[in-house]
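Residue numbers (the numbering used here): 12 to 68.
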């Protein structure tokens, strides 16, 4: 829980970057938000989960 608090500003900065610069349409914003949510959960659960997620893509 404490580690997630320290990572939160970085995740918010990444979200703002994705929303403003990369994603011009609402659908891309939705998918980027979904991906960031999954990564946040993966960071909380285990690092291996994120590795599996990136190797499947």
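Glycine included, each C-beta is placed from N, C-alpha and C at the ideal position. Keep in mind the model is a prediction, meaning the values are calculated, not measured.
For this session: Keeping to the same chain, check which residues put their C-beta closer than 6 Å to that of residue 12; ignore five residues upstream and five downstream.
Result: Position 1 of the chain shown, counting from 1, holds the residue named residue 12. Any reading at residue 12 must be qualified, since the residue scores a pLDDT of 49, below 50, and its modelled position is unreliable; no value is offered.
Problem set entry | Proximity of residue 23 and residue 47 at Cβ, strictly below 7 Å | Residue mapping note: residue 23 aligns to position 12 of the chain shown, counting from 1. Residue mapping note: residue 47 aligns to position 36 of the chain shown, counting from 1. Contact flag unset, no.
Problem set entry | Where residue 36 sits in the DSSP three-state scheme | Here residue 36 refers to the residue found at position 25 when the chain shown is read from its first residue. Residue 36 falls in the coil class under three-state DSSP.
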